[in-house]
Each structure stands twice: as structure tokens, then as C-alpha cells.
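Using the working numbering, read the sequence shown as starting at -7 and increasing by one per residue. Notes follow the structure.
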Amino acid sequence: MAHPVYPKLLEPLDLGHITLKNRVLMGSMHTGLEEQVGPLKKMGAFFARRAEGGVGLIVTGGVAPNRAGWTKPLAGKLTNRWEVYKHKYCTDAVHEAGGRIAMQILHTGRYSYSPLAVAPSAIKSPISPFKPRALSNRGVKRTIRDFVTCAVRAKEAGYDGVEIMGSEGYLINQFIARKTNKRTDSWGGGYNNRIRFPIEIVRQTREAVGPEFVIIYRLSMIDLVKDGSTWEEVVELAKRIEEAGASIINTGIGWHEARVPTIGTMVPRAGFTWVTARLKGEVSIPLVTSNRINMPDVAESVLANGDADMVSMARPFLADPDWVAKAERTEPEAINTCIGCNQACLDHAFQNIRCTCLVNPFACYETELVVHPVKSKRNIAVVGAGPAGLAFSTTAAGRGHEVTLFDQADAIGGQFNMAKKVPGKEEFYETLRYYDHEIKRTGVRLNLGKKVDAGDLSSFDTVILATGVSPRKINLDGIDHPKSLSYVDVLRHGADVGGRVAIIGAGGIGFDIAEFLSHSGESTALNKDAFMAEWGVDMTYAEPGALTKPHDEPSAREITICQRKKGKLGAGLGKTTGWVHRAALKKKNVQMLAECQYTCIDDEGLHLTVAGESRVLDVDHVIICAGQVPARELAAPLEQAGIEVHLIGGADVAAELDAKRAIGQGTKLALDL
Ligand code: FAD
Ligand code: NAP
Ligand code: SF4
């Protein structure tokens, strides 16, 4: 019987030899678990947990078919019997949990971070320091054979299928696009030659694995780079890939080197499903759509609109392994939603750190972070309902402790209540909704609107101080001048800000304040058409790659953002999202000044030197975003009273604090007590 609320999403999908239990594909994500030495037990535990949560089909992170295809030296590959044995741990774990799993075969081509890199032509990519070697004709044929052998090995290892990675600007995509394929032999030149490489891979793989094995082909449906494919070419390729024997076509959006955000939190939900929708009707095998689908109502409406036959979500399964099970129970409010921050997943992958999730520190640590019921129950007070206090309280109460959570504010969330007001950070609301649900589910006693002092806490066995931070007061003449405001005045207290603004401090909050003050009207994260126009995505697909001139909306204010250190502003922002924040502010003509020494604030504005040269910024307001210091006044009196006190989040260390650390620290302490 069809599900009453999500009938399309939870409808089974018949692939002939197997039936998937629903239309949810867990998309491929590099987690770092692929590189584990020895049997892939951690990767198995990670995916098995998602299989238990009900996902229809899992696709692993990319596994290379040969050394040249490595993302980096010693990355995961599947080329020999020992590696088959390693992978078997993973497939067995998923099958025991009732799931289905396909392995992604990824050859990075010129994106490889290794001197072994190869490509159709010897053209360096802007995102790897290594210039690739052009494959010879024999090399191309050998690479095709390596893809096929890898798929056969995947079948031996127990996978239900493979995904052949043909998008995101990796090797296959490099063959297809004239931008990167300048060959003059039968693998280059006209489109028919350029697509021989993927077609041969799919055709020969199908021949080798037989009919009862899923072959997903990830097709770059919109390259978002100059000299990418035209729409007619995309359609032609899809048809030929179907003929060659693929079971499913998955959507790839944008090359990694594209200068259009495609998955960050500023991208509207389901913002790119229109691309897959264009291909509907052109092929008869199922089409999977992707990117920024994070909640069941979004996924259901994509499928109900007929944009695709299945939805792919990757990061939402880091955030919540039980995403599907919660949809089945019609409990969307219980979902720990992926907020698209990239801070603990993609940013980690790019820094060679094991992935996890900002809102779910258990992700990829399934064998290490385990929730055990408490042996001796404590009566615990938690002061501060910011991310650290929320994570601690709900985890500790979930284990069986008696937890009372205090906050002086009249709502939970701490600084997230400021973050969520920044255009492009609307998803932060979801984390607060999730914790609200968790507080009720785990039985945390919530006491809001109460500024706690040490005297209020004497009856508790243990006190957790999650009292966060106070904005740093900087030592500057005129800091109390009416023109001077802190980011808290602006974001929490809604201070009126004039048309000309200087910002002192270019960390995450300085950038967010600039974003907030430069906007008027609706956030483009909430409006797909406006977002596409802002980033120059041509929804008519008139040119190859579907790019057009971006629309630069003028800033609501004249803004100058300043830092004392030398070099690029925003250098400390997220590895994979920092460029978006910088580009967005440049588009609004926000001025960025490094090497600033601040002299004073007075009626004329902000007096400073920039690289030694005196200047006055004639502004209405100066917003101070100069970092924070811990707020932990309660610690000393509590310790003096002999109460066990633990500090977490900003109350512990304010420097370089972010919600990843706050939630991680709160969760881990709750598992230890
Ligand atoms: P806080 O969030 O500061 O919470 C502390 C709580 O304690 C507050 O609710 C306060 O009211 C309460 N409290 C204090 N004293 C008492 C008392 N005596 N009695 C009762 N209650 C008390 N981080 C990211 O990781 N990614 C981002 O993109 C991001 N964007 C941000 C954007 C903005 C505009 C801001 C301001 C912050 C952003 N952050 C971001 C930082 C992130 O919000 C903080 O790192 C995080 O909130 C710190 O959590 P915490 O629990 O330690 O403290
Ligand atoms: P921050 O990143 O530490 O930045 C503080 C800024 O103030 C820096 O530019 C610093 O640079 C300047 N500064 C420090 N001391 C100063 C002084 N005495 N006088 C003048 N300038 C001074 O802190 P934040 O921007 O407040 O952010 C707080 C935390 O929230 C960060 O750690 C960040 O991780 C998190 N956050 C993250 C995001 C995100 O998108 N990931 C967004 C917002 C916040 P100079 O010393 O060079 O001037
Ligand atoms: Fe989503 Fe952020 Fe978690 Fe990555 S770290 S899965 S983007 S919430």
C-alpha cells in the first residue's frame, strides 16, 4: 500500500533482477574510510547503519580502478584479490542489515593529486598541482579494461552493482568535453569519438558482469564550465549509455573546478532537479536526481513533479542514518537535517581528515562512539542551550541521566539564533527544530528565560557549563561611540544600521555580517531562479556548459571589511565554501582591506592605517566582529562550592570555536559521564 504522506518517495523500484525498497539512493561521498588499511570494517559499520535506517540503495565513495585514477597516493582502489577480501567486510555488513550497495568506480584523471595523473590530453586542471600525462591509444584501452576488471572485482566482493563516475570533471568527463579533450585520434575530435570512452566502459562492463548486476552511470548533465557539453550532447550520451547497458542514470551537476556553488547551504533546496527533469522521457531507464535534497517533503515533491524516478542524497545520511525510517514513520520533525555547511564532510575530505558531520559526530565513527545506557544515574544541570549544551543534554538524557537544561534566553540555540538570520544560512533553523524534538523525546527538563547563578545549582551532582562566549571588547578609542556596534547588536538586537558600514574583523562572523548587511529582499537560497541568475547558470542551456553572464544584485549598503593581518580576507573560511563567500561579497562590491591598524572611531567614521597609509572610512557604523572570549564566570564559584563542573563549547575554549567542535565536545562528554 502506498505511503499516505510520501507515496512516491517510498514506492519500491523494480530493476528487473532486484527491487529496491524505495526511491532513495545514498549518493557517493568520499569519507576517508575507503583508505582504511585491512578489512573495511569501519566502512561496513558506517554503511550498515544507513542500511538499517532503510535507504534503498547505497553507493560507496569513489574507488579507483588503477593507481593513475587515485584521488591521491594510496587512496582506495579495487584491483586485486586482497582488496576484494577487504571490501567483502563492507558488503556483508550491509547485506546483513538488509541493504543494497553499489561501489562507485572513480578515475580522477587530471584531478588526481598525484604525479601519476593521466588525462585525454596533457592539460593541467586549476585544482591540482600535477600536470597529467596524455594517455596513449593503448593506455586508453588499458584504462577501459581496468574499469571493467574493477567492476568484476566489485561483483566478486559482493556488491549489488557499480556506479561509473562520469561527471564532476573526472576522467570520463574529461574525455567527453572538448575543453579537456584535444586528441586527434579516434578518442577525440567529434562528439561521437569523445563519448566512445564512457560507452565502451559501460558496454564492456555489462558484457563482463552479466545482466544481474546494477550499473549506474553518473552523467554530467550540466558541466557549468566553458566548453562543456551542450544539452543535445547530454541527451545523445544518455541514450547511448542506456543502449550500452546501464541500469540507472544518475545526475552529475557541475565540474569541481566550476565557479558556481552546487551543494553549499546557499544553494536552494532541490535547486538543480530541473536539469534531470529535462532528460525525462529521453531514456527509459530510471533517472536519479541530486543536490541539496535534504528533507522528505522536498524529495517527495521532486518525484511527484516527475523530475526524476529516484532521489540521491549523500550528506543527509551523514547527518541522520535513520532519515528513511523517520520518513516511513511520518516523523520529519525527528530528522537531524543536513544543513549543507560542508564543515565536517567535504572540508575534511579536502584536508585528508576522516569525514564526519557537524550535526552528527557519530557519522563515520560508528565503531568508536557508542551509546551505552548509564550504569549510575546522575542529576545533571546544563547551563546554556547553545549547540554544545543541546548536544550534551540530549545525548546524556538519551543514556538515562536526569538532565535539566537552563538558558537565560527564551529560546534554545545560542548563537545559532544569530547564524540562522544570515541569508544563505536558513538551514540552521533545522538544527534547532531537531534539538527541540530531541529534548522532548529524551525527557530533558528545559528551563528557559533563566539566568542561572551558582546558588541555583547546588542541588545537582554535576554541572555542565555550556555558557558560550562573549564578543571580544577591543581596545580602541571611540569603541563606545554611537557609531560603534557589535555583531550581537545587529543580529540579535536588530540595531538600525546606516547605509555605509565598516566591519572590523574578517573571520566567519565578519563575513556573515557583510552578507547580512549587503542583502535586501529575499535570500537567493530560497529562490531557485534568482540563485541561477546570480551565479550565471543559464536555465535555457543556450551555450555549451550552460553558463551565462551572472546577474550582480547591487549591495544594500556600501561595505568595507577589514583585518589586521596581511593577505587574502576570508583565508580561514571553510575549505570548500570560503571561495563562495568571497565571490558573493565581491559581486556586491564589498571592499576588502588587509594590513589595517585601527586608530579610533569618531563622528567622521573609522580612522585607520592600511599598509601604513592613513585613511578615514566615512561610515555611519563600525561593526566589531573581532572574535570572542569564553563566558565562564560560574566556573570558579561552583568549583569553590565543591560541585563537579565540566566546561564545553565556547565556555571551554573560544578561539576557533565552531559548532562542529561545540556539538562534538558536548556529545563525547555525554558518552563518557
Ligand atoms: P553558544 O551558542 O554561545 O550558547 C551559549 C548559551 O548559553 C547561550 O544560549 C546563552 O544564552 C547561554 N547562557 C550563558 N550564560 C548563561 C547563564 N548564566 N544562565 C543561563 N544561560 C546562559 N559555527 C559554525 O560551525 N558554522 C557556521 O556557519 C557558523 N556561523 C555563525 C554565524 C554567526 C552569525 C554566529 C554568531 C556564529 C556562527 N557560528 C558558526 C558559531 C557557532 O554558532 C558557535 O560556535 C556555537 O554556537 C557555540 O556553541 P556553544 O554552545 O559553545 O555556545
Ligand atoms: P574569528 O574567526 O576568530 O575572527 C575574528 C576576526 O577578528 C579576525 O579577522 C581577526 O583578524 C580579528 N581580530 C581578532 N582580535 C582582534 C582585535 N583585538 N582587534 C581587531 N581585530 C581583531 O572569529 P569570528 O569571526 O567571531 O568567528 C567565531 C567562530 O565562529 C569562528 O571560529 C568560526 O569558525 C565560526 N564561524 C564559522 C562560520 C563558517 O561559515 N564556517 C561562520 C561564522 C562563524 P585580524 O587579527 O587579522 O584582524
Ligand atoms: Fe551536512 Fe554539514 Fe553534516 Fe556535511 S557536516 S553532512 S554539510 S550538516
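Glycine included, C-beta positions come from ideal geometry on N, C-alpha and C. From a predicted model like this one, the values you see are computed outputs, not experimental measurements.
Sequence-distant residues of its chain with Cβ nearer than 6 Å to residue i (five each side left out)
i             : result
histidine -5  : Leu2
leucine 310   : Cys337, Cys349 and Ala355
leucine 438   : Leu397 and Ile431
alanine 37    : Glu358 and Thr359
alanine 269   : Asp299
glycine 101   : Ala111, Tyr162, Leu163 and Gln166
leucine 630   : Ala446, Val455 and Val637
arginine 574  : Gly562
methionine 21 : Gly53 and Ala306
lysine 174    : Ser113
threonine 671 : With the chain covering -7 to 665 only, the question about residue 671 has no answer from this structure.
Residues sharing a beta bridge with residue i, DSSP
i              : result
proline 622    : Val461
valine 303     : Val16 and Thr281
isoleucine 214 : Ile245
glycine 45     : Glycine 45 pairs with nothing; no bridge assigned.
glutamine 589  : Thr601
cysteine 554   : Ile496 and Leu585
alanine 56     : Lys69
glycine 158    : Leu211
valine 51      : Ala94
asparagine 439 : Phe398
arginine 607   : Leu600
glutamate 636  : Thr454
serine 476     : Val614
valine 206     : Gly153
Contact set for residue i: own chain, Cβ-Cβ below 8 Å, skip 5 residues either direction
i             : result
glutamate 274 : Val227, Ala230 and Lys231
threonine 540 : Gly528, Val529, Asp530 and Ala534
lysine 64     : Ser104, Tyr105, Ser106 and Asn344
lysine 413    : Leu483 and Phe508
arginine 250  : Per the sequence shown, the amino acid found at residue 250 is alanine instead of arginine. Taken in chain order, the residues that qualify are Gly161, Asp215, Leu216 and Val217.
proline 136   : As written in the sequence, residue 136 is isoleucine, which differs from the proline given in the question. Closer than 8 Å at Cβ, skipping near neighbours: Phe189, Glu192, Ile193 and Gln196.
lysine 369    : Gly392, His393 and Glu394
valine 489    : Leu477, Val482, Leu509, Arg549, Asp612, His613 and Ile615
lysine 443    : Gln400
Own chain residues within Cβ distance below 7 Å of residue i, not counting five before or after
i                 : result
valine 666        : With the chain represented from -7 up to 665, any question about residue 666 goes unanswered, as that position is not in the structure.
glycine 416       : Thr257, Met258, Glu507, Ser515 and Ala517
cysteine 333      : Thr257 and Leu350
phenylalanine 342 : Lys567 and Thr568
proline 288       : Tyr(-2), Leu1, Ala319 and Pro324
glycine 237       : Val194, Arg195, Arg198 and Ile207
lysine 652        : Gln335, Ala336 and Leu350
threonine 434     : Thr386, Ala389 and Gly390
proline 278       : Leu5, Ile240, Asp301 and Met302
arginine 492      : Arg549, Glu550, Asp610, Val611 and Asp612
lysine 560        : none
Cβ-Cβ separation, residue j to residue i (assumed contact under 8 Å), whole Å
i              : j              : result
aspartate 469  : cysteine 592   : 4 Å
glycine 702    : tryptophan 315 : Beyond the ends of the chain as shown, which are -7 and 665, falls residue 702; an answer cannot be given.
lysine 677     : tyrosine 81    : In the structure as shown, the chain begins at -7 and stops at 665. Residue 677 is therefore absent and cannot be evaluated.
glycine 61     : glutamate 26   : Glycine 61 to glutamate 26, Cβ: 13 Å. No contact.
isoleucine 285 : alanine 262    : 5 Å
glycine 390    : glycine 641    : No, glycine 390 and glycine 641 are not in contact; Cβ-Cβ is about 19 Å, not under 8 Å.
aspartate 644  : proline 622    : 7 Å
lysine 69      : alanine 56     : 4 Å
glycine 500    : leucine 565    : 6 Å
valine 140     : alanine 200    : 5 Å
isoleucine 496 : alanine 618    : 6 Å
arginine 186   : aspartate 219  : Contact flag wrong, Cβ pair sits at about 12 Å.
| field | Every unbroken beta strand (DSSP E) within the region 478 to 541, with a cutoff of 3 residues, ordered by chain | value | Listed in chain order, the beta strand (DSSP E) elements of length 3 or more contained wholly in the region 478 to 541 are 492 to 496.
| Looking at C-beta atoms only, is the number of pairs between the region 601 to 612 and the region 419 to 429 that lie closer than 8 Å three or more? | In short, these stretches do not touch, since the Cβ pair count stays below three.
| message | Would you call the region 580 to 595 in contact with the region 534 to 550, where contact means no fewer than 3 C-beta pairs closer than 8 Å? | response | A contact exists between the region 580 to 595 and the region 534 to 550.
| Is there contact here, the region 158 to 177 with the region 201 to 212, by at least three beta-carbon pairs under 8 Å? | The region 158 to 177, when compared against the region 201 to 212, does touch it at the 8 Å Cβ threshold.
| request: Would you check if the region 517 to 528 and the region 583 to 603 touch, i.e. whether three or more CB-CB distances between them fall below 8 Å? | output: Proximity of the region 583 to 603 to the region 517 to 528 falls short of the contact definition, fewer than three beta-carbon pairs being nearer than 8 Å.
| query | Going along the chain, which unbroken runs of the alpha helix (DSSP H) with 4 or more residues stay wholly within the region 349 to 435? | reply | Counting whole runs of 4 or more residues, the region 349 to 435 contains the alpha helix (DSSP H) stretches 379 to 391, 408 to 411 and 420 to 434.
| task | Jot down the residue ranges of each uninterrupted alpha helix (DSSP H) in the region 73 to 156, minimum 4 residues, whole runs only, in chain order. | result | Taken in chain order, the complete alpha helix (DSSP H) segments of 4 or more residues contained in the region 73 to 156 are 73 to 88 and 129 to 148.
| Counting Cβ pairs, one atom from each stretch, are 3 or more of them under 8 Å apart for the region 293 to 310 and the region 232 to 246? | Three or more beta-carbon pairs drawn from the region 293 to 310 and the region 232 to 246 are found closer than 8 Å, and the two stretches are therefore classed as touching.
| For the region 438 to 453 against the region 656 to 663, are there 3 or more C-beta pairs whose distance is under 8 Å? | Proximity of the region 438 to 453 to the region 656 to 663 falls short of the contact definition, fewer than three beta-carbon pairs being nearer than 8 Å.
| task | Would you be able to state if there are at least three C-beta pairs under 8 Å between the region 372 to 379 and the region 453 to 464? | result | Taking 8 Å as the limit for Cβ pairs, the verdict is that the region 372 to 379 does touch the region 453 to 464.
| query | Does the region 79 to 91 come close enough to the region 141 to 156 that 3 or more CB-CB pairs lie under 8 Å? | reply | Between the region 141 to 156 and the region 79 to 91 there are three or more C-beta pairs closer than 8 Å, enough to call the two in contact.
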